[in-house]
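Report on one structure; see the data block that follows.
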Amino acid sequence: MPELPEVETLCRQLQNKICGSQILSSKVYDDKLAGSGKIRGVKVLAVERKGKTIVMRLNDDSSLLIHLRMTGRLLWLASSHRPKYGRWRISFDEGSIFLVDPRRFATVKVEMTRNEKAANDLLTGFSEKTFLNTQARRKVNVKILLMDPKAIAGIGNIYACEILYSTGISPLRQASTLSMKEWKKVFNHAKRILKKGIAKRGTSISDWRDLYGCRGENQNELKAYGQEGKICSRCGGAICRIKQGGRSTFYCPDCQK
DNA sequence: AGAACCGCCTGCTTGC
DNA sequence: TGCAAGCAGGCGGTTC
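Be aware that the first sequence starts at 2, since it is given in my numbering, and climbs by one per residue.
Below, the structure written as structure tokens:
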């Protein structure tokens, strides 16, 4: 599923492909996305990322916001022929971008730029001080907090597991019990792991593909997520799988304390 | 107020 | 082999 590194990969490709281009037409194939169908004649000024949201800046003071949720993908095709699970499309002179989404969770909306809300995106203007003041004493498990988009935007299940594994902190720890030193460690490891994910062009475990249908390489770097029963690379223990908030958490109970 | 839970979805995996 | 049940989970909304 697309998290910060995957969305960043897409945004960079989109920026290269459509920055400065005019949207000639758009088409909605799924009633759930009705309301995002009348985009035409505007130019794309830039493509940015906010957490896991793709933000296309348009030249009429609005932005097109695309959130892929679980199984959403954006696919560039030279033809405007709808692929399987195609839910929405915008077309340019040289080709079309399709939102492909089997599960239909993805969302598309247009928002006036002046109504835009700031996101606590870890790689762009994240305030550690604000986080420590408003989030760090919460009584939820640290893993749940890392995945809370209001606390930090962009981290999903895969990277939350990898970040905590890297820091040696148990996902079961209550957020309020982490020391200042441990929080600093979480921030630093999180940034490093997300940047590495971007450099590897995302984690293609199941669904993730880039704008041109290519897989990333970060799935080969995973130390915890999906590694149930495998040997911990740090201590030789066994990676375990538990449930937190209805989601799978993978961690090493022997060296994550 | 804040923590926990629910619902949206449908392809894939598992079990009988 | 075939079918049904269970699973996957981001996140906004609801409930406790």
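Heads up, the beta-carbon is just placed ideally off N, CA and C, and yes, glycines get one too.
Since this is a predicted model, take the numbers as computed values, not measurements.
Per DSSP, cross-strand counterpart(s) of residue i
i	result
Lys110	Leu66
Trp77	Ile98
Val48	Met57
Gly214	DSSP lists no partner for Gly214.
Cys241	Tyr252
Ser37	Ser37 is not bridged to any residue.
Ser269	The requested residue 269 is not part of the displayed model; the chain covers only 2 to 258.
Gly87	Val101
Ile206	Paired residue(s): none; Ile206 is not in a bridge.
Ile232	Ala239
Residue from the options whose Cα sits closest to the Cα of residue i
i	options	result
Leu11	Gly42, Asp31, Leu69, Asp32	Leu69
Ser128	Thr54, Asn189, Gly36	Asn189
Ala225	Lys197, Leu179, Ile159, Ile194	Ile159
Leu59	Tyr30, Lys110, Arg74	Lys110
Thr204	Gly157, Arg242, Tyr166	Gly157
Lys140	Gly96, Ala161, Gly126, Thr178	Thr178
Leu5	Glu95, Phe132, Ile55, Asn134	Ile55
Gly21	Ala47, Cys162, Trp184	Ala47
Lys197	Gly214, Leu124, Cys236, Thr135	Leu124
Gly126	Gln23, Ile243, Lys192	Lys192
Ala119	Leu15, Ala152, Thr108	Ala152
Arg216	Arg202, Glu222, Leu223	Arg202
Asn116	Ser81, His82, Tyr86, Leu65	Leu65
Glu95	Thr108, Ser81, Tyr86, Ala107	Ser81
Ser180	Tyr166, Val143, Cys162	Val143
Tyr213	Pro3, Glu9, Leu15, Met2	Leu15
Met57	Arg13, Tyr86, Lys85	Arg13
Cys162	Leu223, Lys130, Asp255, Tyr86	Leu223
Ala107	Asp255, Arg242, Met2	Met2
Whether residue i touches residue j by CB criterion (8 angstroms)
i	j	result
Gln245	Ile145	yes
Arg104	Met71	yes
Leu100	Ile67	yes
Ile199	Ile164	no
Arg90	Lys182	no
Ser63	Glu112	yes
Asp32	Gly73	no
Ala79	Asn121	no
Gly169	Lys258	yes
Leu147	Arg88	no
Trp77	Lys18	yes
Gln23	Gly42	yes
Gly52	Pro150	yes
Arg83	Tyr30	yes
Ile98	Leu133	no
Trp184	Ala137	yes
- Item | In chain order, each alpha helix (DSSP H) run of at least 4 residues that lies wholly inside the stretch 100 to 177 | Considered as a whole, the stretch 100 to 177 harbours 129 to 135, 143 to 147, 158 to 168 as its complete alpha helix (DSSP H) runs of no fewer than 4 residues, in chain order.
- Validate contact between the stretch 206 to 218 and the stretch 229 to 237 using beta carbons, cut 8 angstroms, 3 pairs: The stretch 206 to 218 vs the stretch 229 to 237: no contact.
- Three CB pairs or more closer than 8 angstroms across the stretch 165 to 173 and the stretch 248 to 255: Enough Cβ pairs lie closer than 8 angstroms, so yes.
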